[in-house]
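Enquirer:
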Amino acid sequence: MPDYADAEILIGHWLQDQIGSTNKVWMDPTLPRNWQFEAPLIHVQRAADEGDTQLTLDTALLDIDIYGAVADNCRALGEQIRTLMRFHLPHHTFTNGIFVTGVETVAAPCWLPFRDSGGSNRSAISATVARRGAAYRVILHGVI
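For the sequence shown, the UniProt record's numbering gives the first residue as 1, with consecutive numbering after it.
1) Taking C-beta to C-beta, are Arg131 and Leu112 nearer than 7 Å?
2) Would you say the region 3 to 10 touches the region 55 to 71, given that touching needs at least three Cβ pairs under 8 Å?
3) Mapping DSSP to helix, strand and coil, what is Asp6?
4) How big is the Cα-Cα spacing for Trp35 and Gly68?
5) Which full runs of the alpha helix (DSSP H) of 4+ residues lie inside the region 34 to 105, going along the chain?
6) Using DSSP's beta-bridge definition, name the partner residues of Val138.
7) Can you grab the Cα-Cα spacing for the pair Thr95 / Leu62, in whole Å?
8) Three Cβ pairs or more, each shorter than 8 Å: is that satisfied between the region 96 to 112 and the region 26 to 40?
9) Measuring CA to CA, which of Phe99, His88, Arg46 is closest to Thr30?
10) Since Ala135 contacts Gly78 with CB under 8 Å, what's their CB separation in whole angstroms?
11) From Thr101 to Val70, what distance separates their C-alpha atoms?
12) Looking at the strands, I want to know which residues DSSP matches up with Val25.
13) Smallest Cα separation from Thr93: which of His141, Asn23, Val44, Lys24?
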């Protein structure tokens, strides 16, 4: 039976391959509890969107946030991801046959307040972590 690909997982793994192991790409709904943010953390989440506008087209709105202790690193990584999303992801075919028809920047990288869902034990970290966020519309063609 055909199914839609999970855009968060698909694009998250693709981003991890593109940026290497120096930075961690996280696709779970909550941030990791023990992350100290010495190295930036890239959080990929699907937002509410129009979904499957046609049977084999999935239009995914992805929020991509970068958290880190050094604001300049978050800024640079945000722009690197923007370049990857806009110039390298379009027309890419994944190994499962899903094809990226197009990518749009819905919200360019910008500073956002840190939102920590890790509990009260991280309140001291929250004050020192920078967050750079952007949103992209990714059109995926095909079913798996």
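Beta carbons are placed, not taken as given, at the ideal position from N, Cα and C, and that holds for glycine.
Expert: Concretely, from the data shown:
1) The residue labelled residue 131 in the question sits at position 131 within the sequence shown. The residue labelled residue 112 in the question sits at position 112 within the sequence shown. It is a contact, given that the beta carbons lie within the stated cut-off.
2) yes
3) Sequence index remark: in the sequence shown, residue 6 carries index 6 (1-based). Correct three-state label for Asp6: coil.
4) In the sequence shown, counting from the first residue as 1, residue 35 sits at position 35. In the sequence shown, counting from the first residue as 1, residue 68 sits at position 68. Going by the C-alpha atoms only, they are around 10 Å apart.
5) 71 to 83
6) Residue 138 sits at position 138 when you count from the first residue of the sequence shown. DSSP, once it has assigned bridges, lists Ala60, Val103 as partnering Val138.
7) Taking the sequence shown and counting its residues from 1, the one referred to as residue 95 is at position 95. Taking the sequence shown and counting its residues from 1, the one referred to as residue 62 is at position 62. Rounded to the nearest angstrom, the two C-alpha atoms are 20 Å apart.
8) no
9) As a first step, residue 30 is located in the sequence shown; it is residue number 30 there, counting from the start. Minimum Cα distance to Thr30 is reached at Arg46.
10) If you number the sequence shown from 1, residue 135 lands on position 135. If you number the sequence shown from 1, residue 78 lands on position 78. So it is not a contact: roughly 12 Å between Cβ atoms.
11) The residue you call residue 101 lines up with position 101 of the sequence shown. The residue you call residue 70 lines up with position 70 of the sequence shown. Rounded to the nearest angstrom, the two C-alpha atoms are 34 Å apart.
12) As a first step, residue 25 is located in the sequence shown; it is residue number 25 there, counting from the start. Ile42.
13) Here residue 93 is taken as the residue at index 93 of the sequence shown, counted from 1. Checked all of His141, Asn23, Val44, Lys24; the closest Cα to Thr93 is His141.
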